[in-house]
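J.: One structure coming up, written as structure tokens, with questions to follow.
Numbering (the working numbering), first residue to last: 194 to 555.
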């Protein structure tokens, strides 16, 4: 993954092989899939859950199916996410569950709703089913006292996702934070949106569940805004994103009476920044309003050190059939393919530690 050309070449041939139904599933399963996924089912993921538990790290079971386009798949995905809620209810090892709206609805339908297009009879029926799926998941999470993340996605469907998330918070977050929405801080409007959402939560008397991330669709967002000639929703520079991310940490800490939040980040400085702010404000390490989260197979140095220090930490553990989680795996490969990628940084940390240990042996 340190070599961009190799990632590009490998991604091309994997996509081609899958289209041609070539027998490469075993190869994928024992390489990139094994690195970033818990398994093909909840049962397969149990050893990973136990391993993380032993290190005082929680698990966020993430059924990583997205971009499906038929009602049968949407219903099956809803049932599988229900199973993650039931599994989370069984023990404290799984502090959150999560789902993507695109696992329950077509992107085209979500975009049509966001554009305010007039829906025909079939589309209205489809969107009614989407509303029922989202409500059923959040209602089950509420009944089982399990916190649930609604993941962020592309800007051209995000307003629809946000509207659904706020409706679920107003429905289920009046006693405690159950439903969490996701804020992509690489979007220049996210900090203002966070402020507006807090005011709405105050006005309606519910708790605001917040997951802070930088964002995962940068190239796609910039390409589309350029091709369709609308304002780029992405911050001008990475420094702008980093600034707003840390300002969002300040905002959440200052409003802990209403806001519970999870830092979904692999950025060491942002984690250190939050820890230092917590210490300055006299906030306990294990304050239940505050969690840190990283992806399985990435940033173990952050996750395990935070957990050892007594902070609340969880790992996203994606799972699902190999073929259906490939979009997730391709994103991981894409973001890690440079020397600045997280996997590259971790590789160098391990390399340096091996050199140090060899030096100690001498």
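Beta carbons are placed, not taken as given, at the ideal position from N, Cα and C, and that holds for glycine. Quantities reported herein were computed from a predicted structural model and do not represent experimental measurements.
My parser needs the beta strand (DSSP E) runs of 3 or more residues fully inside the stretch 331-399; what are they?
T.: Entirely contained in the stretch 331-399, the beta strand (DSSP E) runs reaching 3 residues are, in chain order, 340-343, 372-377.
J.: Assess, as a yes-or-no matter, whether the stretch 290-299 is touched by the stretch 264-282 under the definition of 3 or more beta carbon pairs within less than 8 Å.
T.: Taking 8 Å as the limit for Cβ pairs, the verdict is that the stretch 290-299 does touch the stretch 264-282.
J.: On the DSSP bridge assignment, give the partners of residue 487 in chain order.
T.: According to DSSP, which records beta bridges pairwise, residue 487 is partnered with 508.
J.: Just the C-alpha distance for residue 506 and residue 244, rounded to the nearest angstrom, thanks.
T.: Distance between the alpha carbons of residue 506 and residue 244 is about 14 Å.
J.: Please list, in chain order, all residues of the same chain as residue 226 whose beta carbon is under 8 Å from its beta carbon, the five residues on each side excluded.
T.: Closer than 8 Å at the Cβ level, and outside the excluded window around residue 226, lie 515, 518, 522.
J.: If you follow the beta strand (DSSP E) that residue 252 is in, where does it begin and where does it stop?
T.: 251-256 is the extent of the beta strand (DSSP E) around residue 252.
J.: For residue 219, count the other beta carbons within 10 Å of its own beta carbon; 16 or more makes it buried, fewer makes it exposed. Which is it?
T.: Its Cβ having fewer than 16 others within 10 Å, residue 219 is exposed.
J.: Using the rule of at least 16 other Cβ atoms within 10 Å of the residue's Cβ for burial, across every protein chain shown, is residue 305 buried or exposed?
T.: Under this definition residue 305 is a buried residue.
J.: Is it true that the CB of residue 500 sits closer than 8 Å to the CB of residue 246?
T.: No, these two residues do not count as a Cβ contact at 8 Å.
J.: Is the beta carbon of residue 326 closer than 8 Å to that of residue 297?
T.: In this structure, residue 326 lies closer than 8 Å to residue 297 by Cβ.
J.: Taking the beta strand (DSSP E) that residue 453 belongs to, which residues open and close that run?
T.: It spans 452-457 - the beta strand (DSSP E) in which residue 453 sits, taken as one unbroken run.
J.: Is it true that the CB of residue 406 sits closer than 8 Å to the CB of residue 378?
T.: Cβ distance < 8 Å, so residue 378 and residue 406 count as in contact.
J.: In the DSSP assignment, what residue or residues form a beta bridge with residue 405?
T.: Residue 405 is bridged to 376, 456.
J.: Smallest Cα separation from residue 480: which of 445, 542, 489?
T.: For the residues 445, 542, 489, the minimum Cα distance to residue 480 belongs to 445.
J.: Whose C-beta lies closer than 6 Å to the C-beta of residue 184 among residues of the same chain, with five residues either side of it excluded?
T.: With the chain running from 194 to 555 in the structure shown, residue 184 is simply not present.
J.: Do residue 372 and residue 402 come within 8 Å of each other at the CB atom, strictly closer than that value?
T.: Yes, they are a contact pair.
J.: Give me the DSSP bridge partner(s) of residue 427.
T.: Residue 427 is bridged to 380.
J.: Would you identify the three-state DSSP class for residue 231, choosing helix, strand or coil?
T.: Residue state, collapsed to three classes: coil.
J.: Taking the beta strand (DSSP E) that residue 291 falls in, what are its first and last residues?
T.: Where residue 291 is concerned, the enclosing beta strand (DSSP E) stretches over 289-292.
J.: Using the three-state DSSP reduction, which class does residue 465 fall into: helix, strand or coil?
T.: The answer is helix: DSSP assigns residue 465 an H, G or I state.
J.: Between which two residues does the alpha helix (DSSP H) harbouring residue 285 extend?
T.: Careful: residue 285 lies outside any alpha helix (DSSP H) and carries neither H nor E.
J.: I'd like the span of the alpha helix (DSSP H) that includes residue 419, first residue to last.
T.: Its alpha helix (DSSP H) spans residues 411-420.
J.: Once DSSP output is grouped into helix, strand and coil, what is the label at residue 203?
T.: Helix, per DSSP.
J.: By Cβ distance below 6 Å, which residues in the same chain neighbour residue 321 in space, the five residues on each side in sequence not counted?
T.: So the list is empty, once near-sequence residues are dropped.
J.: Leaving out five residues before and five after residue 337 in sequence, what residues of the same chain have Cβ atoms less than 8 Å from its Cβ?
T.: Cβ neighbours of residue 337 beyond the five flanking positions: 278, 279, 281, 282.
J.: Just to confirm my understanding: we take residue 440, look at its own chain, exclude 5 residues before and 5 after, and list those with CB closer than 8 Å. What are they?
T.: Correct list, in chain order: 384.
J.: Could you tell me the boundaries of the alpha helix (DSSP H) in which residue 493 lies?
T.: Unbroken alpha helix (DSSP H) run through residue 493: 493-501.
J.: Within 10 Å of its beta-carbon, does residue 357 have 16 or more other beta-carbons around it, so buried, or fewer, so exposed?
T.: Under this definition residue 357 is a buried residue.
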